[in-house]
Each structure stands twice: as C-alpha cells, then as structure tokens.
Amino acid sequence: MYQTVQYKEEEAIATIQLNRPEKKNALNERMRLELEMLLAEIAQKETIRAVIVTGGPEIFCAGADISEIQETKSAEAAYRHAREFQLLFDKLEALPQPVIAAVSGYALGGGCEFTVACDFRIASNTAHFGLPEIKIGAFPGGGGTQRLSRLIGAAKAKEMIYTGDPITAEEAFAVGLVLKVTTKENLHQEATSFAVKLANLPRLALQASKMLINRSQEMDLASGLELEARTFGGIALTHDLAEGTKAFLEKRKPYFTGN
90 MYQTVQYKEE EAIATIQLNR PEKKNALNER MRLELEMLLA EIAQKETIRA
140 VIVTGGPEIF CAGADISEIQ ETKSAEAAYR HAREFQLLFD KLEALPQPVI
190 AAVSGYALGG GCEFTVACDF RIASNTAHFG LPEIKIGAFP GGGGTQRLSR
240 LIGAAKAKEM IYTGDPITAE EAFAVGLVLK VTTKENLHQE ATSFAVKLAN
290 LPRLALQASK MLINRSQEMD LASGLELEAR TFGGIALTHD LAEGTKAFLE
340 KRKPYFTGN
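Residue numbering for the sequence shown follows our numbering, starting at 90 and increasing by one per position.
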C-alpha cells in the first residue's frame, strides 16, 4: 500500500520507517501524502499506545526533496509547499499517542523539523541534527523557526538556523533536543523499551497530558490552567483513574485498560 514508508504494529507499538533510501529518505510529495494517510489511521487506533518513527541506519532524513523545491516557480507555490509540510508536522505533533523519533545518522532540514514535531528524540551516537537551508539561500519552512526555538531556546535555535551547521547527538542532548544518546546497535532497543513504558501508562491521562502541554505553548497561563482543570474533570470518572487510586491505596500495581 505504501511506497515511501514501511509500517508495522507489534502489540501496542506502531513503527513508521521512512523508506526512500535511494534519495536519503528525502521528503517528497508522495511521502507527505502517505504519512498523512498513515497518521490519520493511527490516530483512530486505541490499541496503539505509542509510535516510533525511524529512518535508515546511516541517515534518518536528508530533508525536503530539492528537485521538488526547484519546480516551485512562484511565491504562491513556495508558500503552498511550506504549508503542506507544516500541516503534516502539525498532524504528527497532534497525534494522540506519544511519538518517539529514533534517529541514526543525519536528520537535516525537513528531517530535523520532522523529529522536532515528535514528543521525544532518542539518537544514536552517529546522529547529527541540522537546518542547513541558509546555505542555499533559504530558511527552515516546515516549522523549524517556530518549534525549535520553543524546544531548545531562541539563542541555540538561532545559531543552528543562522549558521546551518549540524550538531552532534551529544550536543543535541546537552541542549535538550535529544532525550537519550545510545549506540547505533542499541537504538531500536532503547526506543522500543521507552515506547513500551509509555504504552503501559493510562491512555486517556497520557493523551490529555500531551494535548495540554502542546496547547500550553500557545496559551496564557490563566487560559491554560482553566483548560487543565476542565480536562481533569473530563477524566475524573475513567476506569483507569479509579483503578490507579484504588491500587495506590491497596499498595499494588494498577491494571490500566485505557478506558
């Protein structure tokens, strides 16, 4: 069904692998459309509790397909191209399930923006993150100027975007871009172990937490607190909250069902 991505499900964990190795997993129109279809499908699956996104062992994603960018002959066409990928990353960020980017090799341009739209990034020690668009007379147009600064602060985001120079996995970890650095051989295991940990948490509370944290970036404190309280009221009668509090009082491990 899919030509530019590979997809599999193992129990509660879904894995999306970018699959254009001949183009260094560059993001083109077909991959964008396939990812949109796949994300829409995953969003409806309550049985999927966590998602891993990965690329190849040597490169996660080289960014947008330059051949498509060259074909944009007007400002309006360039605008639409940027908005289409922004909306794809919006869908990734808004996915109900937590998303882990397992990054080996280079994540550049749109590939870096892709990882920043995920909830977490776990990197191999071979990983490099960069936004090199300035070197071809452009700047990140898939959300990089907006999401990266919110994630690692304006000063470091400016350095990465202004210079276009990539940073290593260790540097990415130091500035908070990466959650954990491991070896290339252990990357899949580390990502899967973390995904399993997330998948075992109460689904509705985790979904609500993700939504609230994402929305906090665009709301004033008073509005955010009101939304938090309203959302808390919405999960007050769930099975998992009742089970969690009962298990705490009974000093046992809770059994969460996701309801």
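Glycine is no exception: its CB is placed at the ideal position from the N, C-alpha and C atoms.
| the region 134-149 touching the region 96-114, judged by at least three CB pairs closer than 8 Å | yes
| In chain order, what residues of the same chain have a beta carbon less than 6 Å from the beta carbon of Leu143, not counting five sequence neighbours either side? | Inspection of the sequence shows that residue 143 is occupied by Thr rather than by Leu. Only Gln106, Ala191 meet the Cβ criterion.
| By Cβ distance below 7 Å, which residues in the same chain neighbour Glu332 in space, the five residues on each side in sequence not counted? | Pro343, Tyr344, Phe345
| request: Out of Gly253, Ala151, Ala263, state which residue places its alpha-carbon closest to the alpha-carbon of Ile211. | output: Ala263
| query | Quick one: what does DSSP say Arg210 is sitting in, helix, strand or coil? | reply | strand
| task | Out of Phe321, Ser305, Ala151, Glu123, point me to the one whose CA is closest to Phe218's CA. | result | Ala151
| request: For Phe321, name the three-state secondary structure that DSSP assigns. | output: helix
| said: Could you check whether Ala166 and Ala115 sit closer than 8 Å to each other, using their CB atoms as the reference points? | reply: no
| query | In its own chain, which residues sit with a C-beta less than 7 Å from the C-beta of Leu268, not counting the 5 before and 5 after it? | reply | Phe209, Arg210, Ile211
| query | Using 8 Å as the threshold, is the region 252-260 in touch with the region 282-289, meaning 3 or more CB pairs across them? | reply | no
| query | Which residue comes first and which comes last in the alpha helix (DSSP H) that contains Leu177? | reply | 164-183
| Status (buried if at least 16 other CB within 10 Å, exposed otherwise) for Pro110 | exposed
| said: Per DSSP, what are the beta-bridge partners of Ala243 in this structure? | reply: Answer by DSSP bridge pairing: none, since Ala243 is not bridged.
| For the putative contact between Ala171 and Gly253, defined by C-beta atoms under 8 Å, what is the C-beta separation to the nearest angstrom? | Between Gly253 and Ala171 the Cβ distance is about 18 Å, and since that is not below 8 Å, they are no contact.
| field | Span separating the alpha-carbon of Glu315 from that of Phe174 | value | 32 Å
| request: Report yes if the CB atom of Ile241 is closer than 8 Å to the CB atom of Gly265, and no otherwise. | output: yes
| field | Cβ shell of Ile324 (< 8 Å), same chain only, five flanking positions each side left out | value | Leu293, Ala294, Ala297, Leu330
| field | Rounded straight-line distance, which links the Cα of Phe203 to that of Gly194 | value | 14 Å
| request: With DSSP collapsed to three states, give me the class of Glu51. | output: Here the chain has residues from 90 to 348 only, and residue 51 is not among them.
| query | Where does Phe321 land, buried or exposed, given buried means 16+ other C-beta within 10 angstroms? | reply | exposed
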